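Enquirer:
Number of protein chains: 2
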Amino acid sequence: MIQVSIVTIGDEILIGQIVDTNSSAIAQALESVGVKIAGMYSVPDNADVMEKTLLNLLASTQIVITTGGLGPTKDDITKATLLKISGSSCYREDPGQLEMVRKILQGRGLDMLPSNRAQALVPDKAEVIVNKLGTAPIMVFRNISGKGTLYSLPGVPHEAVGAIPEIVSDIKKHFSIGEIVHSNIMVYGIAESALSELIAPWEDALPADMHLAYLPNMLTGIRLRLSSYADGTTNILERQKAQIGKLKAILGDKIYALKDTTLEQALGELLLERGKTVSCAESCTGGEIAHLFTSVPGSSAYFLGSVTSYAVSVKESVLGVDPAVIEKNGVVSSEVAAAMAEGVRKLTGSDYAVSTTGLSGPSGDGINPVGTVWIGVAGPHGTITRKYCYKSDRKRNIERFASTALNLLRLYIIED
Amino acid sequence: MIQVSIVTIGDEILIGQIVDTNSSAIAQALESVGVKIAGMYSVPDNADVMEKTLLNLLASTQIVITTGGLGPTKDDITKATLLKISGSSCYREDPGQLEMVRKILQGRGLDMLPSNRAQALVPDKAEVIVNKLGTAPIMVFRNISGKGTLYSLPGVPHEAVGAIPEIVSDIKKHFSIGEIVHSNIMVYGIAESALSELIAPWEDALPADMHLAYLPNMLTGIRLRLSSYADGTTNILERQKAQIGKLKAILGDKIYALKDTTLEQALGELLLERGKTVSCAESCTGGEIAHLFTSVPGSSAYFLGSVTSYAVSVKESVLGVDPAVIEKNGVVSSEVAAAMAEGVRKLTGSDYAVSTTGLSGPSGDGINPVGTVWIGVAGPHGTITRKYCYKSDRKRNIERFASTALNLLRLYIIED
Numbered sequence: 000m001i002q003v004s005i006v007t008i009g010d011e012i013l014i015g016q017i018v019d020t021n022s023s024a025i026a027q028a029l030e031s032v033g034v035k036i037a038g039m040y041s042v043p044d045n046a047d048v049m050e051k052t053l054l055n056l057l058a059s060t061q062i063v064i065t066t067g068g069l070g071p072t073k074d075d076i077t078k079a080t081l082l083k084i085s086g087s088s089c090y091r092e093d094p095g096q097l098e099m100v101r102k103i104l105q106g107r108g109l110d111m112l113p114s115n116r117a118q119a120l121v122p123d124k125a126e127v128i129v130n131k132l133g134t135a136p137i138m139v140f141r142n143i144s145g146k147g148t149l150y151s152l153p154g155v156p157h158e159a160v161g162a163i164p165e166i167v168s169d170i171k172k173h174f175s176i177g178e179i180v181h182s183n184i185m186v187y188g189i190a191e192s193a194l195s196e197l198i199a200p201w202e203d204a205l206p207a208d209m210h211l212a213y214l215p216n217m218l219t220g221i222r223l224r225l226s227s228y229a230d231g232t233t234n235i236l237e238r239q240k241a242q243i244g245k246l247k248a249i250l251g252d253k254i255y256a257l258k259d260t261t262l263e264q265a266l267g268e269l270l271l272e273r274g275k276t277v278s279c280a281e282s283c284t285g286g287e288i289a290h291l292f293t294s295v296p297g298s299s300a301y302f303l304g305s306v307t308s309y310a311v312s313v314k315e316s317v318l319g320v321d322p323a324v325i326e327k328n329g330v331v332s333s334e335v336a337a338a339m340a341e342g343v344r345k346l347t348g349s350d351y352a353v354s355t356t357g358l359s360g361p362s363g364d365g366i367n368p369v370g371t372v373w374i375g376v377a378g379p380h381g382t383i384t385r386k387y388c389y390k391s392d393r394k395r396n397i398e399r400f401a402s403t404a405l406n407l408l409r410l411y412i413i414e415d
Numbered sequence: 000m001i002q003v004s005i006v007t008i009g010d011e012i013l014i015g016q017i018v019d020t021n022s023s024a025i026a027q028a029l030e031s032v033g034v035k036i037a038g039m040y041s042v043p044d045n046a047d048v049m050e051k052t053l054l055n056l057l058a059s060t061q062i063v064i065t066t067g068g069l070g071p072t073k074d075d076i077t078k079a080t081l082l083k084i085s086g087s088s089c090y091r092e093d094p095g096q097l098e099m100v101r102k103i104l105q106g107r108g109l110d111m112l113p114s115n116r117a118q119a120l121v122p123d124k125a126e127v128i129v130n131k132l133g134t135a136p137i138m139v140f141r142n143i144s145g146k147g148t149l150y151s152l153p154g155v156p157h158e159a160v161g162a163i164p165e166i167v168s169d170i171k172k173h174f175s176i177g178e179i180v181h182s183n184i185m186v187y188g189i190a191e192s193a194l195s196e197l198i199a200p201w202e203d204a205l206p207a208d209m210h211l212a213y214l215p216n217m218l219t220g221i222r223l224r225l226s227s228y229a230d231g232t233t234n235i236l237e238r239q240k241a242q243i244g245k246l247k248a249i250l251g252d253k254i255y256a257l258k259d260t261t262l263e264q265a266l267g268e269l270l271l272e273r274g275k276t277v278s279c280a281e282s283c284t285g286g287e288i289a290h291l292f293t294s295v296p297g298s299s300a301y302f303l304g305s306v307t308s309y310a311v312s313v314k315e316s317v318l319g320v321d322p323a324v325i326e327k328n329g330v331v332s333s334e335v336a337a338a339m340a341e342g343v344r345k346l347t348g349s350d351y352a353v354s355t356t357g358l359s360g361p362s363g364d365g366i367n368p369v370g371t372v373w374i375g376v377a378g379p380h381g382t383i384t385r386k387y388c389y390k391s392d393r394k395r396n397i398e399r400f401a402s403t404a405l406n407l408l409r410l411y412i413i414e415d
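Going down the list, the sequences are from chains Y and X. Using numbering that gives the first Met the number 0, read the first sequence as starting at 0 and increasing by one per residue. Using numbering that gives the first Met the number 0, read the second sequence as starting at 0 and increasing by one per residue.
(1) Please confirm whether X:Y40 has its beta-carbon closer than 9 Å to some beta-carbon of chain Y.
(2) Exposed or buried, what is X:K390 when buried is set at 16 or more other beta-carbons lying within 10 Å of its beta-carbon?
(3) My output table needs one value for X:A212: the three-state DSSP class, helix, strand or coil.
(4) Per DSSP, what kind of secondary structure is Y:T403 in: helix, strand or coil?
(5) Residues of chain X with CB under 8 Å from Y:I64, in chain order?
(6) Determine, using beta-carbon pairs with one atom in the segment 296 to 312 of chain Y and one in the segment 359 to 378 of chain Y, whether at least three such pairs fall under 8 Å.
(7) Could you pull the DSSP bridge partners for Y:N183 from this structure?
(8) Can you tell which of X:Q239, X:N216, X:L218 has the C-alpha that lies nearest to the C-alpha of X:S227?
(9) Can you give the Cα-Cα distance for Y:D259 and Y:L405, rounded to whole angstroms?
(10) At a cut of 8 Å, does the segment 16 to 36 of chain Y reach the segment 140 to 159 of chain Y through at least three beta carbon pairs?
(11) What is the DSSP secondary structure of X:R141, counted as helix, strand or coil?
(12) Comparing alpha-carbon positions, which option in Y:T293, Y:V100, Y:P122 lies nearest X:R393?
(13) Go ahead and label X:A207 buried or exposed: buried means 16 or more other beta carbons lie within 10 angstroms of its beta carbon, across all protein chains shown.
(14) Strictly under 9 Å for the Cβ-Cβ distance: is Y:S227 near chain X by that measure?
(15) Contact defined as beta carbons within less than 8 Å: I believe Y:A37 pairs with Y:K146. What is the distance between those atoms, to the nearest angstrom?
(16) Any contact between the segment 338 to 347 of chain X and the segment 252 to 271 of chain X? By contact I mean 3 or more CB pairs, one from each, below 8 Å.
(17) DSSP has Y:A352 in a bridge; who is on the other side?
(18) Closer than 8 Å: is that where the CB of X:N55 sits relative to any heavy atom of the ligand ZN?
(19) For a contact defined as C-beta to C-beta under 8 Å, what are the partners of Y:H157 on chain X?
(20) What separation, rounded to the nearest whole angstrom, lies between the Cα atoms of Y:G108 and Y:H290?
(21) Ordered along the chain, which non-local residues of its own chain (more than five positions away) have a Cβ less than 7 Å from that of X:D10?
(22) Is it the case that the Cβ atoms of X:Q61 and Y:G15 are separated by a distance below 9 Å?
(23) Hey, is X:H210's beta-carbon within less than 9 Å of any beta-carbon in chain Y?
(24) If you draw a straight line from the alpha carbon of X:T66 to that of X:V6, how long is it in whole angstroms?
(25) State yes or no: is the C-beta of Y:I12 within less than 9 Å of the C-beta of Y:L53?
(26) Under 9 Å between the Cβ atoms of Y:V369 and Y:G360?
(27) Going along the chain, which residues of the segment 49 to 63 of chain Y sit with their C-beta nearer than 7 Å to a C-beta in chain X?
(28) Out of X:A190, X:G133, X:G68, X:T356, which one is the CA nearest neighbour of X:A162?
(29) Please list, in chain order, the chain X residues whose beta carbon lies closer than 7 Å to that of Y:P361.
(30) For the beta strand (DSSP E) that contains Y:T256, what are its first and last residues?
(31) I think X:R399 touches X:M217, with their Cβ atoms under 8 Å apart; what is that distance to the nearest whole Å?
(32) Drop a sphere of 10 angstroms on the beta-carbon of X:Q118, count the other beta-carbons inside from all chains shown, and report buried for 16 or more, exposed for fewer.
(33) Quick check on Y:P43 - is its C-beta less than 9 Å from some C-beta in chain X?
(34) Using only CA atoms, which one of X:Y187, X:A248, X:L250, X:T384 lies nearest to X:R222?
(35) Quick one: Cα of X:Q2 to Cα of X:K35, how far?
(36) Assuming X:K171 and X:V63 make a contact with CB atoms under 8 Å, what is their CB distance in whole Å?
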């Protein structure tokens, strides 16, 4: 099995100024095609450390992928090190990357400085994959000291992520890796341990060539990933589909999508498909639900708007919640959640509306424990409310409240 | 200078399932007290790799800090490795951690299973710092093979972060590290390159013992950090304050705080201090501003609420924007930004209100380029609007729009 080391280069990682998200994105992409990550490393902008680390890793793993160390102000150390360990004798100017540097500067209305032009210089043994998103080139060095292959990627996260498909396809071309077929099943509304217990008989009965992975996430629930190595003889996707059919019979509407997606994406597709619109009224989630809805490009086709009614006065004046209802039941109550959802639905004229009222923390209301939320969903066939209790800090409670609200809305719509 | 290696343990990091935020948090804390991180490493749940990596690192750096590998289902490999390399002969049950395990399970209404009780087992050479946030203990091994010190922290991010102050104080106790004095200056509304040029004369004239670092962030602007080693002879904080006084004369209201904070925190303090309230009307930011305001504990004291008016109809019906104004100027316009801010201010009865209308992308409106935003601020002394253009993707445009809006509101309030 091909083994890969991932190395980030740069003092900014080692002083904790930046969280390294590149390594994880690269690992995810490689793991999904069956390439194993042996280790991850972060080294400073120091030629000796860099050289020693890269040579060691090239001796122990077939592929080393680096990100960073290539900005216009700190090209020198990294490129000199790559020149040295690749046995290059000089730098050459790469015409493809130079053209890209010119284009990018033009787009920003800037003149080309010598430091910009130098970005297109690469050690002469480097193959260049043009970086279409930035000025630093993507470099490939093959057979370093007769050993491994080194890929050098830019450090800027969207440039590094943008380079991943090219790297994966280059690895597929030059190394013999088995192809893996994945199917994703998105599940919400059940804890990982309970899910694992519930589907254990199904999991145990899976064919020997299928492997199941649990990939949980606070906002999107649990992604179940069914994987098999492609053997060329059978229709694997069809066989996976048959297994997923059995899983659907067990999990029912806990499954919200059969692809890698998010609740807000899946909800958006559901609303688009039915030609319906939605709005929300948020108290304790404070705008997070609206933020999730509108993070989806094209959401303006179904998301009309929202009211964050943090103050009781706004619940009353904007959403039209009856003060007597608040007085009688308290703000964190089924009645207020219902009135908020109904209020914002009327206000915006949307088909559906979802609301939250609860306590994200740190302070409570003296009646309900921190982590309590009432969620309301209003639609053409009436209003429902549900109470949930979570035990976490403010940030994570807000995330759980918001994703739970999206899921309750989804369940209401599919039953509608 | 004391050198530290940071190691994360766990397959979930190497398959890219989890982004490692622990290493960065630990590095930041140590860097701020003058301890240098020599490298960061991620290793799989594999005893051989773990043992080899840890022993190598203990030979080259005085301190190794690990996170992870300690969950109830995968304790075995990590603890066995720590037992072996620390020269421990057996496990002992730590009474302090056992008590904590009992408490935590009780709080969740769960019985103690053997796998829970095993969490309190540690190699006999381990000193235990009780983890108050979870069941896995924090372990300290001193003089492993006569060499370095190893700190083993839990992998769950809030538990790892919670352990940092204890680790820092233990390092301060057992190693001689110079004390560093920091002052933070939060700056918003100027690009890093322009800031660096503007304050170059001031920076060049800093006393030799003071060092300046630029720590930029999309949502909070640029944190300038002035650092000096404490030498016990002079009042360093006073001397730093004198330099900051000179910096204030150059940057004026671009400085929004003299401590490590965020725009929404600083705004909250400003509003609390003046006893004023705020609301917002969001179009293109889709709830992000409300989300930022309400991410601050206690924000209900000044944040009344918000309207996310994604649909034009909601701008008209809820915020009372005159359809003729939209017809004449377009949705992305100064006039609509002003009307939105005034509308939500009236609706909620807040002292101040801020609004956004623009194009976060990917699709534009055929008139304004993607990345254009009009921001409005309404208050007791009239309404102002400003136009900004950014060039980024949807997610980052939303973040920039939101933080720019918070900053414009801040400038309005301090001039008020």
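Quick reminder that beta carbons are idealized off the backbone N, C-alpha and C, glycines included. Computed from a predicted model, the values in this text were never measured in an experiment.
Expert: Result, derived from the coordinates:
(1) At least one chain Y Cβ lies under 9 Å of X:Y40.
(2) Classification of X:K390: exposed, given that the 10 Å Cβ count is below 16.
(3) X:A212 falls in the strand class under three-state DSSP.
(4) helix
(5) Here the premise fails: no neighbours, minimum Cβ distance about 12 Å.
(6) no
(7) Paired residues: Y:R224.
(8) X:Q239
(9) 17 Å
(10) They touch, by the three-pair rule.
(11) Secondary structure of X:R141 (DSSP, three-state): coil.
(12) Y:T293
(13) exposed
(14) no
(15) The pair is not a contact, with the Cβ atoms about 14 Å apart (cut-off 8 Å).
(16) no
(17) Y:S278, Y:A377
(18) In the structure on display, the ligand ZN does not appear, and there are no ligands present to speak of.
(19) Within 8 Å Cβ-Cβ: D392.
(20) Linking Y:G108 to Y:H290 through their CA atoms gives a straight-line distance of about 33 Å.
(21) P43, D44
(22) no
(23) Cβ-Cβ to chain Y under 9 Å: no for X:H210.
(24) Those two C-alpha atoms are separated by around 6 Å.
(25) Not a contact, by the Cβ cut-off of 9 Å.
(26) Going by C-beta atoms, Y:V369 is nearer than 9 Å to Y:G360.
(27) none
(28) X:G133
(29) P296
(30) The residue asked about is misnamed: residue 256 of chain Y is Ala in this sequence, not Thr. Element bounds for Y:A256: 254 to 256.
(31) About 6 Å; that satisfies the 8 Å criterion.
(32) buried
(33) yes
(34) Among X:Y187, X:A248, X:L250, X:T384, the Cα nearest to that of X:R222 belongs to X:Y187.
(35) 5 Å
(36) That belief does not hold up - the Cβ atoms of X:K171 and X:V63 are roughly 17 Å apart, past 8 Å.
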